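Quick notes on the structure that follows.
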Amino acid sequence: VVVAAAVLGGAAGLIAMKYGEGSGTPAGASGGTAAGSTPSAPGTTPEPTSPASEVPDGWHRVDDPAGFSLVVPKGWERQVNEGQIDYTPDDGAHRIRISVDPDPDFDHPYLHMENMEEQLSTRLPGYQRIGMEKNTFRDRPGALWEFTWNETKDHAGPRHGIDQMYYGGPGGPEYALYLTAPQEGWEASR
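The numbers in our numbering rise by one with no breaks, and the one at position 112 of the sequence shown is 142.
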């Protein structure tokens, strides 16, 4: 079992992922515990807990059919959006998105992020990069990208996003843990 702490800026949402030894493919729900803070009402963000801890009050663990487990505030529901898995309390205004690519096209998550930025920077009105950097995430090659833009469709207005990508093993799978919320109240959402 690989336990991945989805450190999304100041937020820590722990996700446990399991994949077949050496295969790099998801292999069912994790037996590990996951906990942390993802978007919630101001003043209700629990402190991150250790894997052996209980789920914080007001939160619940979800064993997702895609092979990972995470703890989200009660009231957050699963949605599938173009093959990606979202957990949201308000139909996507605030959401954490989990993506798994079993066979990534890039040698490093940073290269994937650069490619995504090239595409999204022309499609997202008012796009501004806050930062993008290579990192090591749970002893794996990763990259962290933070940005803002002005949404014109669903949930219109200034938005903030942060994306942590990492490889679960040599050459993949690639996991992406993405948090987005309205710019107003972003600090509480983190």
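Note that CB positions come from ideal geometry on N, CA and C, so glycine has one too. Since this is a predicted model, take the numbers as computed values, not measurements.
- Secondary structure note for Q149: its alpha helix (DSSP H) is the uninterrupted segment 139 to 153.
- Here W216 carries a helix assignment [DSSP, helix/strand/coil].
- Per DSSP, reduced to three states, the secondary structure at V110 is strand.
- Membership of H90 in the beta strand (DSSP E) is indicated by the continuous run 89 to 94.
- Contact check for L174 against Q194 passes: the beta carbons are separated by less than 8 Å.
- If you look at P132, you'll find it isn't in any beta strand (DSSP E); DSSP assigns it neither H nor E.
- The beta carbon of H90 sits closer than 6 Å to those of K104, all from its chain and outside the five residues before and after it, given in chain order.
- Rounded to whole angstroms, the Cβ separation of P203 and T182 is 33 Å, and the two are not in contact under 8 Å.
- Take R189, set aside five residues on each side of it, and the residues of its chain with a beta-carbon closer than 8 Å to its own are T178, W179, N180, E181, T210, A211, P212, Q213, in chain order.
- For the pair R127 and D135, the CB atoms are not nearer than the 8 Å cut-off.
- Of the residues H138, G199, N145, the one whose Cα lies closest to the Cα of K164 is H138.
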